[in-house]
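Student:
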Amino acid sequence: MSRQRNVARDSDTDEEQGLLPSKRRNSKNKNAYELYRLRDVERFITKIYWLVILSFMAAGIAMVATLSERTFRDVFMAESLLSTLGVSAYVVLIILLLMCNNHKEMRIVLLLSLCVFIGAVSGFMTALHLLDISITLKKTTHG
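Quick note: the sequence shown uses numbering that gives the first Met the number 0, first residue 0, plus one each step.
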């Protein structure tokens, strides 16, 4: 008799587990959702990574064009600062990009480094252009 009751209880719990969400199902859904979110974040980081690399290449092209045209020859030490600090930092960052491209953990560090470099170079070149414009205006006004 007790054997029949145990069988009946076991079948009741099986039926209830089919109707009610179990902890195992919730954890599987939660893990699947977290995996989906991680993949989504990884795709986002990859897109931003390539966007920053394109901006980095554009900053390098702008530096080379500026240095080859000798745009800032009238500004004191502008070309020497841009050629020594800018080009050497650019080369170091390219070496880091080539060596650490496959490490997904290093991509965030590279992103931050590239963003700081792009911001510094673009800010410096913008300031140099404004200074060059003011020097040109002073020359035309007084000359």
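Even glycine gets a Cβ: it sits at the ideal position worked out from N, Cα and C. From a predicted model like this one, the values you see are computed outputs, not experimental measurements.
Just verifying my parser: in three-state terms, what is the DSSP assignment at C114?
Tutor: The residue you call residue 114 lines up with position 115 of the sequence shown. Here C114 sits in helix by DSSP.
Student: In whole angstroms, give me the CA-to-CA distance for G122 and R38.
Tutor: To locate residue 122, count along the sequence shown from 1; it is residue 123. To locate residue 38, count along the sequence shown from 1; it is residue 39. So the alpha carbons of these two residues sit roughly 34 angstroms apart.
Student: Look up M56 in the DSSP assignment and say whether it is helix, strand or coil.
Tutor: The residue given as residue 56 occupies position 57 in the sequence shown. If DSSP states are grouped into helix, strand and coil, M56 belongs with the helices.
Student: Would V63 and L130 be called neighbours here (beta carbons separated by less than 7 angstroms)?
Tutor: The residue you call residue 63 lines up with position 64 of the sequence shown. The residue you call residue 130 lines up with position 131 of the sequence shown. Contact: no.
Student: How long is the line joining the alpha carbons of A77 and L127, rounded to whole angstroms?
Tutor: Against the sequence shown, residue 77 aligns to sequence position 78. Against the sequence shown, residue 127 aligns to sequence position 128. About 7 angstroms.
Student: Take T125 and list the residues in its own chain whose beta-carbon comes closer than 8 angstroms to its own, dropping the five residues that flank it on each side.
Tutor: As a working note, residue 125 is residue 126 in the sequence shown. Counting only Cβ-Cβ distances below 8 angstroms, and skipping sequence neighbours, we find nothing.
Student: So what does DSSP say about M76, is it helix, strand or coil?
Tutor: Position 77 of the sequence shown, counting from 1, holds the residue named residue 76. Coil at M76, not helix or strand.
Student: In or out: F116 buried (at least 16 other Cβ within 10 Å) or exposed?
Tutor: As a first step, residue 116 is located in the sequence shown; it is residue number 117 there, counting from the start. So F116 counts as buried.
Student: Would you kindly check if the distance between the Cβ of A58 and the Cβ of V120 is under 7 angstroms?
Tutor: In the sequence shown, counting from the first residue as 1, residue 120 sits at position 121. In the sequence shown, counting from the first residue as 1, residue 58 sits at position 59. Cβ distance < 7 angstroms, so V120 and A58 count as in contact.
Student: Would E14 be called buried (16 or more neighbouring beta carbons within 10 Å of its own) or exposed?
Tutor: On the sequence shown, position 15 is the one that residue 14 refers to. Below a pLDDT of 50, predicted positions are generally treated as unreliable, and E14, at 49, falls in that range; no measurement from the model is reported.
Student: Go ahead and pull the three-state DSSP assignment for R69.
Tutor: Taking the sequence shown and counting its residues from 1, the one referred to as residue 69 is at position 70. Reduced to three states, the DSSP call for R69 is coil.
Student: Output the boundary residues of the alpha helix (DSSP H) element that contains S87.
Tutor: On the sequence shown, residue 87 is found 88 positions in, with the first residue counted as 1. That run of the alpha helix (DSSP H) goes 86-98.
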